[in-house]
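Data block below; observations after.
2 protein chains.
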Amino acid sequence: MTQRPAVLVVQPHLAPLSGFLETLYDVYRLWEGPPLEAEPDIRALIVAGEHPLDKGLVERLPNLSLVACFTSGHEGIDVDWCRARGLAVSHAPGVNHEDVADHALGLILASRRSIFEGDRAVRGGDWRRDARTITPSMKDAKLGIVGLGSIGRAVAQRAAAFRMDIRWWGPREKQADWPRMGSLVELARWADLLVVACKADESNRGLIDREVMTALGPEGLLVNVARGVLVDEDALIELLKSGTLGAAALDVFEEEPTPADRWAGVPNVVLTPHTGGATQAAVPAMLGLLLQNLAAHFAGRPLVTPVA
Amino acid sequence: MTQRPAVLVVQPHLAPLSGFLETLYDVYRLWEGPPLEAEPDIRALIVAGEHPLDKGLVERLPNLSLVACFTSGHEGIDVDWCRARGLAVSHAPGVNHEDVADHALGLILASRRSIFEGDRAVRGGDWRRDARTITPSMKDAKLGIVGLGSIGRAVAQRAAAFRMDIRWWGPREKQADWPRMGSLVELARWADLLVVACKADESNRGLIDREVMTALGPEGLLVNVARGVLVDEDALIELLKSGTLGAAALDVFEEEPTPADRWAGVPNVVLTPHTGGATQAAVPAMLGLLLQNLAAHFAGRPLVTPVA
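This is the structure we're talking about:
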């Protein structure tokens with residue numbers, strides 16, 4: 001073993017973390033094919049929690065003791081399986097949910113107030129003197145929030161400032177200022193705007209299915225700032241093309257990066273590359289938690305933010 | 001004279017009002033060249049208040065007694081001159097300022113959180129697996145509001161939900177929850193985001209000049225949801241091209257429609273075709289006030305919403 005603990009960064013988009021990690025650790029990158037002889041050295045994996053953890057990889061690392069999620073979400077990690085192997089799991093909760101909520105409002109406004117279409121019209125010379133685009137008012141817009149966790153509550157707080165009418169649904173009753181609907185389909189039928197803000201796990205894959213999107217309907221807008229797997233994306237595309245669903249604004253996708261050609265010719269969509277929680281304030285805070293968890297773990301202290 | 005009062009609609013983009021007006025009035029349209037013999041019949045002008053009132057036209061209409069602005073703004077109307085001729089002036093205040101504020105937030109988020117660039121990246125296949133766009137957090141963003149009238153206050157209320165740091169400037173001290181800066185340049189120097197929300201009149205043409213935009217600086221975003229004449233647009237374009245000003249998001253322009261080629265190659269701009277206040281809720285409310293003012297005027301009752 002080297003003197004400094006060795007860590008293995010798993011997903012390429014986490015590469016920018018390397019510089020920080022290298023001041024304290026020996027850093028290997030999975031996509032560079034770390035040398036086989038390093039495998040006994042590696043004591044922590046650095047992962048994005050939405051990606052499925054490669055159990056075969058874990059089993060090849062005899063001295064691994066920590067799976068450290070850079071993210072808040074950790075749905076790709078089989079926590080019970082890790083625990084059974086004596087692996088600790090950390091993540092970065094409570095850091096970027098307000099940024100994600102900000103982004104959700106940006107997506108709602110961009111789509112609902114036709115900011116994109118407006119921009120295209122101005123640039124294309126299609127702004128006509130004898131007509132004016134009239135868009136829906138946000139006041140009294142019926143906003144349905146799927147999942148009233150930290151992101152969902154932050155979305156609701158912002159939406160209240162826009163005078164929207166707010167309801168929510170989640171599998172469990174919670175203390176809230178906004179009424180809970182009896183079912184997801186009921187929420188979608190009522191809503192003009194449906195924001196997916198819940199955690200993803202194996203129990204709710206494809207939660208936003210054909211029935212939910214059809215209930216949301218031809219005037220409805222679906223916003224997803226949570227996880228791509230929560231939405232049946234093939235059905236979404238089909239329903240947008242047929243006009244059965246009015247519009248969608250998506251920051252997350254079944255596959256990331258989502259293939260560009262998948263969205264060619266799909267009407268009324270606003271697409272952002274999973275940037276909702278990636279802000280100049282949140283990313284350093286997530287990095288800070290990652291470094292704190294690594295330091296605590298290697299010093300034999302309790303993790304700062306273990307996965308519960 | 002005909003039995004029904006005759007009204008003259010002045011700007012072509014008000015043409016959609018004709019159907020409503022025709023149920024009660026004889027309606028002429030200036031751009032269709034109303035017949036000379038109708039001039040004595042015309043008792044009211046229907047105008048968009050931001051357009052300069054054609055005094056020569058007014059002088060050709062001997063029985064004109066009302067200038068009815070469909071809009072809230074009336075900076076194109078020389079109200080003193082109208083009063084001196086015995087002309088009443090009405091407008092539609094208090095109806096769409098919250099919609100305009102909603103739009104301002106939409107523009108801020110679209111620009112600041114790179115929603116447009118993100119959409120282009122996804123569609124263009126430029127979303128890379130090994131990089132993630134990191135955008136500024138709205139939290140603690142320094143928002144400077146120019147003019148703390150009804151729009152400015154509504155912008156501040158929304159911005160507070162996004163945890164922005166809010167200050168303002170206007171020529172007069174006002175009761176407010178947010179601190180007033182000593183000058184506009186001082187506000188611009190402090191701000192990350194500068195939202196123009198004041199009324200336009202002859203006193204503040206070009207208020208947002210080269211000095212103000214330079215003070216806002218290369219990381220700053222200028223948002224204009226008020227009136228195009230408030231901003232020195234030639235200077236704006238030059239400062240964006242040189243990077244002296246970071247970004248702009250504009251719903252209003254010196255000339256409307258603004259020529260598309262004026263914006264070709266201008267970096268970091270989001271442009272919407274003056275849709276801020278034109279919502280499905282606001283437009284009928286503005287129409288309602290217009291009809292109420294016309295009815296009151298022709299019945300000899302006080303105007304519902306006279307220009308003060």
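Chains R and W are the protein sequences, given in the same order. Under full-length UniProt numbering, the first residue of the first sequence carries the number 1, and numbering increases by one thereafter. Under full-length UniProt numbering, the first residue of the second sequence carries the number 1, and numbering increases by one thereafter. Glycine included, every Cβ here is placed at the ideal spot set by N, Cα and C. Bear in mind that the values here come from a model prediction, so they are computed numbers and not experimental data.
Notebook entry, point to check: Cβ of residue 162 of chain R less than 8 Å from any chain W Cβ?
Noted result: yes
Item checked: Beta-carbon proximity of residue 280 of chain R to residue 267 of chain W, cut-off 8 Å -> no
Check: Just curious, the beta strand (DSSP E) that residue 304 of chain R is in, first and last residue?
Finding: No beta strand (DSSP E) contains residue 304 of chain R, which DSSP labels as neither H nor E.
Margin query: Looking only at its chain, what residues have a beta carbon closer than 6 Å to the beta carbon of residue 39 of chain R, apart from the 5 residues adjacent to it on each side?
Written below: 60, 61
Notebook entry, point to check: In this structure, does DSSP put residue 1 of chain R in helix, strand or coil?
Noted result: Reliability fails at residue 1 of chain R, whose pLDDT of 47 lies under 50, so the model's placement of it is uncertain and the value that follows must be treated cautiously. Of the three classes helix, strand and coil, the one that applies to residue 1 of chain R here is coil, per DSSP.
Check: What residues of chain R sit near residue 150 of chain W, judged by a beta carbon separation below 9 Å?
Finding: Simply none; closest approach about 14 Å.
Margin query: Taking the beta carbon of residue 63 of chain W as the centre, do at least 16 other beta carbons fall within 10 Å, making it buried, or is it exposed?
Written below: exposed
Note to self: Distance cutoff 8 Å, beta carbons only. Does residue 231 of chain R sit that close to anything in chain W?
What the structure shows: no
Note to self: Tell me the DSSP secondary structure of residue 261 of chain R in three-state form.
What the structure shows: helix
Next item on the list: Tell me whether residue 183 of chain W is buried or exposed, calling it buried when 16 or more other Cβ atoms sit within 10 Å of its Cβ.
Entry: exposed
Check: Between residue 141 of chain R and residue 228 of chain W, what straight-line distance do the alpha-carbon atoms span, to the nearest angstrom?
Finding: 29 Å
Margin query: Looking at chain W, is there any beta carbon in it that lies within less than 8 Å of the beta carbon of residue 239 of chain R?
Written below: no
Notebook entry, point to check: Around the Cβ of residue 113 of chain R, are there at least 16 other Cβ atoms within 10 angstroms (buried) or fewer (exposed)?
Noted result: buried
Next item on the list: Alpha carbon to alpha carbon, how far is residue 48 of chain R from residue 311 of chain W? Give it in angstroms, no decimals.
Entry: Because chain W in this structure spans residues 1 to 308, residue 311 of chain W falls outside the shown range and cannot be described.
Note to self: Can you give me the C-alpha to C-alpha distance between residue 93 of chain W and residue 202 of chain R, rounded to a whole angstrom?
What the structure shows: 53 Å
Next item on the list: Have a look at residue 240 of chain R and residue 45 of chain R and give me their C-alpha separation to the nearest angstrom.
Entry: 40 Å
Check: Can you tell which of R:51, R:4, R:25 has the C-alpha that lies nearest to the C-alpha of residue 12 of chain R?
Finding: R:51
Notebook entry, point to check: According to a CB-to-CB cut-off of less than 7 Å, which residues of the stretch 246 to 265 of chain W neighbour chain R?
Noted result: 257, 258, 260, 263
Notebook entry, point to check: Does the Cβ-Cβ distance between residue 260 of chain W and residue 123 of chain R come in under 8 Å?
Noted result: yes
Checklist line | 8 Å contact criterion, which residue 270 of chain R and residue 116 of chain R should meet: CB distance rounded | finding: 6 Å
Notebook entry, point to check: For residue 144 of chain W, which three-state DSSP category applies?
Noted result: strand
Next item on the list: Please list the residues of the stretch 13 to 24 of chain R that have a C-beta atom closer than 8 Å to any C-beta atom in chain W, keeping them in chain order.
Entry: 13, 15, 16
Margin query: Which of the three DSSP states is assigned to residue 204 of chain R in this structure?
Written below: helix
Notebook entry, point to check: Can you find a CB in chain R that lies within less than 8 Å of the CB of residue 62 of chain W?
Noted result: no
Checklist line | residue 1 of chain W to residue 58 of chain W span [Cα, whole Å] | finding: Here residue 1 of chain W scores only 47 on pLDDT, less than 50, and its place in the model is too uncertain to base an answer on.
Notebook entry, point to check: For residue 81 of chain R, which three-state DSSP category applies?
Noted result: helix
Next item on the list: Give, in chain order, every residue of the stretch 274 to 302 of chain R whose Cβ lies closer than 9 Å to some Cβ of chain W.
Entry: 274, 275, 276, 278, 279, 280, 281, 282, 283
Notebook entry, point to check: What are the partner residues of residue 69 of chain R, as DSSP defines its beta bridges?
Noted result: R:47
Check: Under a Cβ-count criterion, where at least 16 other Cβ atoms within 10 Å of its own Cβ denotes burial, should residue 5 of chain W be classed as buried or exposed?
Finding: buried
Check: residue 163 of chain W: which of R:99, R:164, R:175, R:198 sits nearest, CA to CA?
Finding: R:99
Check: Taking the alpha helix (DSSP H) that residue 14 of chain R falls in, what are its first and last residues?
Finding: Premise fails: residue 14 of chain R is in no alpha helix (DSSP H) and is neither H nor E.
Notebook entry, point to check: For the putative contact between residue 106 of chain R and residue 109 of chain W, defined by C-beta atoms under 8 Å, what is the C-beta separation to the nearest angstrom?
Noted result: 3 Å
Margin query: Taking 8 Å as the threshold (C-beta atoms), are residue 90 of chain R and residue 66 of chain R in contact?
Written below: yes
Notebook entry, point to check: Mind checking if residue 93 of chain W is an interface residue toward chain R, Cβ cutoff 8 Å exclusive?
Noted result: no
Item checked: Beta-carbon proximity check, residue 195 of chain R vs residue 155 of chain R, cutoff 8 Å -> yes
Checklist line | Interfacial residues, the stretch 133 to 150 of chain R to chain W, with Cβ spacing under 8 Å | finding: 133, 134, 135, 136, 137, 138, 139, 140
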